[in-house]
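Asks:
Residue numbers (mature numbering (1 follows the signal peptide of the UniProt record, and there is no 0)): -18 to -1, 1 to 552.
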């Protein structure tokens, strides 16, 4: 059952906002300004989610650095949702640095209230913005609106980086996790069917107005504002992922009748692929099928990101950044991560990536790629860690425990072909696949190239020290080569485990402020000898995810952020 919890940061925002008469201003000489000028303040108290009692039961605390507020942007709006500012302010965003805060028992409060325009009606708070969002906020101009601020942000691609992990730096960086208003779930209607998340996240503070002109001094007005706070919660923009290994990992295939394991597997590492580079600062929320325990969030949610759907083309594939290979060594240019022995040991962040029900495609969804050593039979037949080979032919595929065994099968089949003797379809396929294999690796045989597959040996392959040789087999009809038993697997991350119907809404994706712990419990068989993507067994990008059983299955619960603990198989 899904238990929902934000790792929200509570924001207590007090606004002293209203119009007043010039007469009142002139009667209060202690009020800064004078005729025609009034002063209004926002006083903020930020409640750290680690404070005891701030979490729903069964949830875990977040890391200190995930909850820290190091820089806070406050943007106010009038009734038309156009930005406002204090008359003497030079910018529309008020920025508070960490030196402007005081913390007591986990509650962080600015040292002094912040001046705002008396006509302020709405409040938006953004903590620790990344470079792109920060630049947008720092350069707000007259007439800017909520829509201006909340427009799509594109993280620019940078091919000079060693891998694509840099993309997450817009939402998790050296100055903390970017956070923004949570938004509001309206459950006021007596009919639960009418409960829904509101379209926007601005907090209406019109009922919290305290005018300086209504008090004898500014100090009295500030104290009045502090005693009547408006409450706001903020959430992280990032999603969080980690992988664990089940205590009794099942490895297939499985023997008929006894169900005994006929495979062996040693987990290596995992990485994130198909990163999303597009996001909205605030993403519209919708509900999914999962049940939940009310915490900071009243309801579960799925979000709508910029490439959520399509206008007729393939916009849902726009902004998805795929991992690539180093040209010379064919080594994946990725940030490999080890599994967690205990939840929280090793994790990575990513930008949320969601899809409309009909656009849950392989090319649109963020996924995990796992690598490890796999051999199809137990010791005594195949040896885990040795090279082995596979003739791909659907249910008639054949595995060879060594190159010598592969050559032994090829030689008589090739003799039949040479002598024009009758051949089975499998023999024809084997000869073609072996000779294509030689063609694919020939350019790498810089030492002792034998000139044909028939004269090739494992020793020659070893002597040439071919890097990531499995990548050379990424060709339809070629023998698969698993150097040192290296296998790759991919997993399209499921979000809502209660969404079990075909392509059901919210079934796949990663969502902001969600923490997914994925526990590998079963390996059904071999993977591919190449990094997934572009190979003969890899799905087309525009293919529905549910059309192939290449995804892993989850059981999910929730904790620190919205914390999903999932068992899956590959």
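The beta-carbon is built from N, C-alpha and C at its ideal position, and this holds for glycine as well.
Keep in mind that this is a model prediction, so the values were computed, not measured.
Taking residue 474 as part of the beta strand (DSSP E), name the residues at either end of that continuous run.
Replies: Position 492 of the chain shown, counting from 1, holds the residue named residue 474. Per DSSP, residue 474 belongs to the beta strand (DSSP E) from 468 to 474.
Asks: By DSSP's criteria, residue 562 is part of a beta bridge. Which residues make up the other side?
Replies: There is no way to answer for residue 562, as the model of the chain reaches only from -18 to 552.
Asks: My understanding is that residue 112 touches residue 152, with C-beta atoms under 8 Å, so please give their C-beta distance in whole angstroms.
Replies: Along the chain shown, read from residue 1 onward, the residue named residue 112 stands at position 130. Along the chain shown, read from residue 1 onward, the residue named residue 152 stands at position 170. The pair is a contact, with the Cβ atoms about 4 Å apart (cut-off 8 Å).
Asks: So residue 466 and residue 367 are in contact, right, with Cβ under 8 Å, and what is the actual spacing, rounded?
Replies: In the chain shown, counting from the first residue as 1, residue 466 sits at position 484. In the chain shown, counting from the first residue as 1, residue 367 sits at position 385. With 8 Å as the limit, residue 466 and residue 367 qualify as a contact, their Cβ atoms being about 6 Å apart.
Asks: Please report how far the alpha carbon of residue 339 lies from the alpha carbon of residue 198, in whole angstroms.
Replies: In the chain shown, counting from the first residue as 1, residue 339 sits at position 357. In the chain shown, counting from the first residue as 1, residue 198 sits at position 216. When rounded, the distance between both Cα atoms is 59 Å.
Asks: Per DSSP, which one or two residues make a beta bridge with residue 249?
Replies: The residue given as residue 249 occupies position 267 in the chain shown. Answer is 354, bridged to residue 249.
Asks: So the candidates are 305, 222 and 241; which of them puts its Cα closest to the Cα of residue 255?
Replies: The residue given as residue 255 occupies position 273 in the chain shown. Of the listed residues, the one whose Cα sits closest to residue 255 is 305.
Asks: Please list the terminal residues of the continuous beta strand (DSSP E) segment that includes residue 333.
Replies: For the purposes of this step, residue 333 is taken as the residue at position 351 of the chain shown. 330 to 333 is the span of the beta strand (DSSP E), which, as asked, contains residue 333.
Asks: Relative to the C-alpha of residue 556, which candidate in 312, 314, 406 and 233 has its C-alpha closest?
Replies: Beyond the ends of the chain as shown, which are -18 and 552, falls residue 556; an answer cannot be given.
Asks: Look at the alpha carbon of residue 475 and the alpha carbon of residue 401, and state the distance between them as a whole number of angstroms.
Replies: Here residue 475 is taken as the residue at index 493 of the chain shown, counted from 1. Here residue 401 is taken as the residue at index 419 of the chain shown, counted from 1. C-alpha separation (whole angstroms): 52 Å.
Asks: By the 10 Å Cβ neighbour count, where 16 or more other Cβ atoms means buried, how is residue 407 classified, buried or exposed?
Replies: As a working mapping, residue 407 is identified with position 425 in the chain shown. Exposed, since its Cβ has fewer than 16 Cβ neighbours within 10 Å.
Asks: To test your reading of the DSSP string, which unbroken alpha helix (DSSP H) runs of 4 or more residues are found completely within the region 376 to 417?
Replies: Segments of the alpha helix (DSSP H) lying fully in the region 376 to 417: 385 to 400.
Asks: Measuring alpha carbon to alpha carbon, tell me which of 325, 455, 252 and 398 ends up nearest residue 425.
Replies: On the chain shown, position 443 is the one that residue 425 refers to. Comparing Cα positions, the closest option is 455.
Asks: Would you report the Cα separation of residue 362 and residue 248, rounded to the nearest angstrom?
Replies: On the chain shown, residue 362 is found 380 positions in, with the first residue counted as 1. On the chain shown, residue 248 is found 266 positions in, with the first residue counted as 1. The straight-line gap from Cα to Cα measures roughly 17 Å.
Asks: Quick test of the definition: if touching needs 3 or more C-beta pairs under 8 Å, does the region 181 to 194 touch the region 139 to 158?
Replies: Too few Cβ pairs lie closer than 8 Å, so no.
Asks: Alpha carbon to alpha carbon, how far is residue 329 from residue 29? Give it in angstroms, no decimals.
Replies: Taking the chain shown and counting its residues from 1, one reaches residue 29 at position 47. Taking the chain shown and counting its residues from 1, one reaches residue 329 at position 347. Residue confidence is low: residue 29 scores 48 on pLDDT, short of 50, so the model does not pin down where it sits. Its coordinate-derived value is still stated next. Whole-angstrom Cα-Cα distance: 25 Å.
Asks: Which class does residue 203 belong to by DSSP, given the choice of helix, strand or coil?
Replies: Here the question's residue 203 lines up with position 221 in the chain shown. In this structure, residue 203 counts as helix in the three-state DSSP scheme.
Asks: For a test of the three-state rule: what should DSSP assign to residue 308, helix, strand or coil?
Replies: Start at 1 with the first residue of the chain shown, and residue 308 comes out as number 326. Note: residue 308 maps to coil in three-state DSSP.
Asks: For the 8 Å Cβ check, are there 3 or more pairs between the region 61 to 77 and the region 111 to 131?
Replies: Yes, the region 61 to 77 touches the region 111 to 131.
Asks: Would you mind giving the Cβ-Cβ distance between residue 303 and residue 149, rounded to the nearest angstrom? I have them listed as a contact below 8 Å.
Replies: Residue mapping note: residue 303 aligns to position 321 of the chain shown, counting from 1. Residue mapping note: residue 149 aligns to position 167 of the chain shown, counting from 1. Contact holds; Cβ gap of about 6 Å.
Asks: Would residue 272 be called buried (16 or more neighbouring beta carbons within 10 Å of its own) or exposed?
Replies: Reading the chain shown from its first residue, position 290 is the one you call residue 272. Looking at its Cβ environment, which holds 16 or more other Cβ atoms inside 10 Å, residue 272 is buried.
Asks: Helix, strand or coil: which one does DSSP assign to residue 79?
Replies: Your numbering for residue 79 matches position 97 in the chain shown. The answer is strand: DSSP assigns residue 79 an E or B state.
Asks: When the distance is taken between beta carbons, is residue 68 closer than 8 Å to residue 107?
Replies: Looking up residue 107 in the chain shown gives position 125. Looking up residue 68 in the chain shown gives position 86. Their beta carbons are not under 8 Å apart, which means residue 107 does not touch residue 68 by this criterion.
Asks: Once DSSP output is grouped into helix, strand and coil, what is the label at residue 441?
Replies: Counting from one through the chain shown, the residue named residue 441 turns up at place 459. Reduced to three states, the DSSP call for residue 441 is helix.
Asks: How about residue 267 and residue 285: do their beta carbons lie closer than 8 Å?
Replies: As a position in the chain shown, residue 267 is number 285, starting the count at 1. As a position in the chain shown, residue 285 is number 303, starting the count at 1. Cβ distance < 8 Å, so residue 267 and residue 285 count as in contact.
Asks: Would you say residue 325 and residue 226 are within 8 Å of each other, going by their C-beta atoms?
Replies: Taking the chain shown and counting its residues from 1, one reaches residue 325 at position 343. Taking the chain shown and counting its residues from 1, one reaches residue 226 at position 244. Against a cut-off of 8 Å, the Cβ pair of residue 226 and residue 325 comes out as a contact.
Asks: Do you know offhand how far residue 311's Cα is from residue 472's?
Replies: Here residue 311 refers to the residue found at position 329 of the chain shown. Here residue 472 refers to the residue found at position 490 of the chain shown. Using only the alpha carbons, I get a separation of about 21 Å.
Asks: Please return the same chain residues whose Cβ sits closer than 7 Å to the Cβ of residue 525, not counting the five positions on each side in sequence.
Replies: Your numbering for residue 525 matches position 543 in the chain shown. Cβ within range, chain order: 343 and 344.
Asks: What's the call for residue 134, buried or exposed, on a 16-neighbour Cβ count within 10 Å?
Replies: As a position in the chain shown, residue 134 is number 152, starting the count at 1. Counting Cβ neighbours within 10 Å, residue 134 comes out exposed, since fewer than 16 surround it.
Asks: Measure the alpha-carbon distance for residue 131 versus residue 447 and round it to whole angstroms.
Replies: By one-based count along the chain shown, residue 131 stands at place 149. By one-based count along the chain shown, residue 447 stands at place 465. Near 54 Å, if we compare the C-alpha coordinates of residue 447 and residue 131.
Asks: Using three-state DSSP, classify residue 41 as helix, strand or coil.
Replies: Against the chain shown, residue 41 aligns to sequence position 59. Note that residue 41 has pLDDT 47, beneath the 50 cutoff, so the model's placement of it is unreliable and the number below is only indicative. Coil.
Asks: Taking DSSP as the reference, what is the three-state secondary structure of residue 369?
Replies: As a position in the chain shown, residue 369 is number 387, starting the count at 1. In the structure shown, residue 369 sits in coil (DSSP, three-state: anything other than H, G, I, E or B).
Asks: Classify residue 67 as helix, strand or coil using the three-state DSSP reduction.
Replies: Start at 1 with the first residue of the chain shown, and residue 67 comes out as number 85. Residue 67: coil per DSSP, three-state reduction.
Asks: Does the separation of the CB atoms of residue 605 and residue 221 fall below 8 Å?
Replies: Given a span of -18 to 552 for the chain in the structure shown, any question on residue 605 remains unanswerable.
Asks: Within the same chain, show all residues whose beta-carbon is closer than 6 Å to that of residue 430, passing over the 5 residues directly before and after it, in chain order.
Replies: Counted from its first residue, the chain shown places residue 430 at position 448. 442.
Asks: Once DSSP output is grouped into helix, strand and coil, what is the label at residue 34?
Replies: Taking the first residue of the chain shown as 1, we reach residue 34 at position 52. Any reading at residue 34 needs caution, since the residue's pLDDT is 29, under 50, leaving its predicted position unreliable; the model's value is listed next. Residue state, collapsed to three classes: coil.
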